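Numbering (this note's numbering), first residue to last: 429 to 640.
Heads up, the thing below is written out as structure tokens.
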Amino acid sequence: VPQNCHFLLGSDYALLRTEFANWREISQQRRHDPELSKILITLGGVDKDNVTGQVLMALKTCVLPADLSVVVLLGATAPHLSAVQKIAASMQNTTEVKVNVDNMAELMTSSDIAIGAAGATTWERCCLGLPAIALILAENQLILAQHLADAKAIWLMQQTNLPTELNKFFAGLTFADMAERSRKSMRLVDGLGVNKVIQALMHANETSADFG
Numbered sequence: 429v430p431q432n433c434h435f436l437l438g439s440d441y442a443l444l445r446t447e448f449a450n451w452r453e454i455s456q457q458r459r460h461d462p463e464l465s466k467i468l469i470t471l472g473g474v475d476k477d478n479v480t481g482q483v484l485m486a487l488k489t490c491v492l493p494a495d496l497s498v499v500v501l502l503g504a505t506a507p508h509l510s511a512v513q514k515i516a517a518s519m520q521n522t523t524e525v526k527v528n529v530d531n532m533a534e535l536m537t538s539s540d541i542a543i544g545a546a547g548a549t550t551w552e553r554c555c556l557g558l559p560a561i562a563l564i565l566a567e568n569q570l571i572l573a574q575h576l577a578d579a580k581a582i583w584l585m586q587q588t589n590l591p592t593e594l595n596k597f598f599a600g601l602t603f604a605d606m607a608e609r610s611r612k613s614m615r616l617v618d619g620l621g622v623n624k625v626i627q628a629l630m631h632a633n634e635t636s637a638d639f640g
């Protein structure tokens, strides 16, 4: 890049919709007393490989609180939508499949743990302090997810043996673990990245105008 280039790098500049900053305080207050009553599953709107179905089938083998509910998010064009809906209907825990939602921040705020892809939604979950199990769905997600796992901001899980991995996870999960992930993830993203980028652009524009 040119020598005078300004770098806007890192999670401070995560470009999130304003809804996440708006819900951040409410979500933070909710995390003060962790509980396990709702799991949010969000593995992409399309999820062409039906990882959502694999996760649900794995959850069926887990010992979970009887009053725990599961919310699954998918897009209307997801090729495995009907298959996921059939699995959801057979779950022991109440499971709802929501399609084409427009209130992601609200749904994340009302959830206790997420199981999601280690892509762009990682920053949305971090902003709201939603403890998350991240699954690698693309090679370019691996390095970043590993760094976040090492920092104890997320849990990183392999897809290869989900029933065993999820059973082990929920058997050993504590509220202290959840609170730690929540705190550490919230420190990474404040939801104001868009404002910071705009301010940097405006400053750069003013500076260049001064030298015009």
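Cβ atoms here follow ideal geometry from the backbone N, Cα and C, with glycine treated the same way.
All of these numbers come straight from a predicted model, not from anything done at the bench.
Length of the line joining the Cα atoms of residue i and residue j
i: serine 510; j: lysine 612; result: 37 angstroms
i: alanine 506; j: valine 474; result: 4 angstroms
i: aspartate 638; j: alanine 442; result: With a pLDDT of only 49 at aspartate 638, under the threshold of 50, the placement of this residue in the model should not be trusted; the figure read from the coordinates follows. Straight-line Cα distance between these residues: approximately 29 angstroms.
i: threonine 549; j: isoleucine 541; result: 14 angstroms
i: serine 539; j: proline 462; result: 10 angstroms
i: proline 493; j: valine 625; result: 43 angstroms
i: alanine 449; j: leucine 620; result: 7 angstroms
i: valine 529; j: leucine 501; result: 7 angstroms
Other residues of its chain near residue i: CB distance less than 6 angstroms, five sequence neighbours each side excluded
i: arginine 609; result: Pro559
i: glycine 472; result: Ala545
i: valine 617; result: Ser439, Ala442, Trp551, Cys554, Cys555
i: methionine 614; result: Gly557
i: valine 622; result: Leu443
i: proline 591; result: Ala486, Thr489
i: methionine 606; result: Pro462, Pro559
Residue i in three-state terms, based on DSSP
i: lysine 526; result: strand
i: valine 499; result: strand
i: methionine 585; result: strand
i: alanine 562; result: strand
i: glycine 544; result: strand
i: lysine 466; result: strand
Contact set for residue i: own chain, Cβ-Cβ below 8 angstroms, skip 5 residues either direction
i: glutamate 534; result: Glu447, Trp451
i: glycine 547; result: Gly472, Leu565, Ala566, Gln569
i: alanine 632; result: His434
i: threonine 537; result: Trp451, Ile454, Ser455, Arg458, Leu556, Leu558
Close-in-space but distant-in-sequence residues of the same chain around residue i (CB under 7 angstroms, 5 per side omitted)
i: leucine 570; result: Ile564
Assumed close pair residue i, residue j - CB separation to whole angstroms, cut-off 8 angstroms
i: leucine 484; j: methionine 519; result: 7 angstroms
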